[in-house]
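Colleague:
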Ligand code: BG6
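Numbering (my numbering), first residue to last: 29 to 327.
1. Along the chain, which unbroken stretches of the beta strand (DSSP E) at least 3 residues long are found entirely within the region 63 to 115?
2. Sorry if obvious, but does the Cβ on residue 223 come closer than 7 Å to a heavy atom of the ligand BG6?
3. Going by the C-beta, is residue 241 closer than 7 Å to any heavy atom of the ligand BG6?
4. Please determine, among 263, 316, 243, the residue with the shortest C-alpha to C-alpha distance to residue 226.
5. Roughly how many angstroms lie between the CA atoms of residue 89 and residue 298, to the nearest whole one?
6. May I ask you to verify whether the region 158 to 165 touches the region 73 to 87, counting CB pairs closer than 8 Å and requiring at least 3?
7. Kindly give me the distance between the Cβ atoms of residue 39 and residue 72, rounded to whole angstroms, as I take these residues to be in contact under 8 Å.
8. When we look at the beta-carbon of residue 77 and count the other beta-carbons within 10 Å, is it buried (16 or more) or exposed?
9. Could you tell me which of 288, 115, 205, 214 sits nearest to residue 247, measuring between CA atoms?
10. Excluding the 5 residues preceding and the 5 following residue 295 in the sequence, name in chain order all residues of the same chain whose CB lies nearer than 8 Å to its CB.
11. For the region 130 to 197, which segments carrying the alpha helix (DSSP H) assignment without a break, of at least 4 residues, lie completely within its bounds, in sequence order?
12. Apart from the five residues just before and just after residue 137, which ones in its own chain have a Cβ nearer than 7 Å to its Cβ?
13. Buried or exposed for residue 223, please, with buried defined as at least 16 other CB atoms from any protein chain shown within 10 angstroms of its CB.
14. On the three-state DSSP scale, how would you describe residue 209?
15. Taking only the alpha-carbon atoms, compute the straight-line gap between residue 253 and residue 269 and give it to the nearest angstrom.
16. Counting Cβ pairs, one atom from each stretch, are 3 or more of them under 8 Å apart for the region 124 to 137 and the region 270 to 284?
17. Based on the DSSP output, what are the partners of residue 254 in its beta bridges?
18. The beta strand (DSSP E) spanning residue 228 covers which residue range?
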């Protein structure tokens, strides 16, 4: 399989396929701007590290695994076609069913000397239709350059309209969670999932001092993670969403998670670009919806 992938999609000196976590194929990219790793399992970006950085932009749990159909803990999981719990309460997996499936490469191109773009795709099968009775084409376009850009494109290839919620569930590396502030959501309301989805107002920059699990409403296109320990700002620019999720499991939840170390909550934060809660996408037959996020490091 690796040989075929490399014959068709490798880019000399820039992109190769290798065996990665639990022997699943990953694309390794090294270009003028950055290094990156992308797993076909989950269509999942595992790592993005501009050459200017000592720490990866993305957090990947050292205990992450994709054995036994598990979703990878860290990087950029894709939650689709629902965000969070099964909306119909049928016992289907949290965050949908594409983060633990093998995606296929569609294209790998060198846009210019420093920028590489890998597109992966996934379509419905008998198995997915048993879980969710719709026909779809899903593509994730991942651009590795001076910024990391991900665009999740959903096309309804069936004959009936479907609705979906979704997320680019990005895990970021931070120096020390106590010294992190998430900015851009001041003055916005959020649903506090730690307190039964109570609606609350965010009055200042977000500081994490206990478990945080919030769906922010009516969000702007630009958010910033201000990390004074790693001395960097991560700028998030999104298109296609009106909600965003901020999540940190904190001590008790982290300790209960088998694929996250007990102290890992100190060096990660999820700021997710979502269509969640009332931000539901309705997609008519033949229509396409694009959700995208770009991540840029600034000082
Ligand atoms: C967040 C949710 O997006 O993902 C949390 O808001 C959830 O409620 C977290 O705990 C992790 O989910 P999972 O399924 O990857 O453990």
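Ideal Cβ placement from N, Cα and C applies to all residues, glycine included. The structure displayed is predicted, hence computed values, not measured ones.
Modeller: So, to answer that:
1. 72 to 78
2. Not so, every heavy atom of the ligand BG6 lies at least 7 Å from the Cβ.
3. yes
4. 243
5. Distance between the alpha carbons of residue 89 and residue 298: 13 Å.
6. no
7. Residue 39 to residue 72, Cβ: 20 Å. No contact.
8. buried
9. 214
10. Excluding positions up to five away in sequence, the list reads 87, 201, 202, 203, 204, 205.
11. As far as the region 130 to 197 is concerned, its whole alpha helix (DSSP H) runs of at least 4 residues are 154 to 159.
12. 145, listed in sequence order.
13. exposed
14. Looking at residue 209 - three-state DSSP - the assignment turns out to be strand.
15. Their Cα atoms are separated by approximately 18 Å.
16. no
17. 209, 261
18. Segment 226 to 229, the beta strand (DSSP E) holding residue 228.
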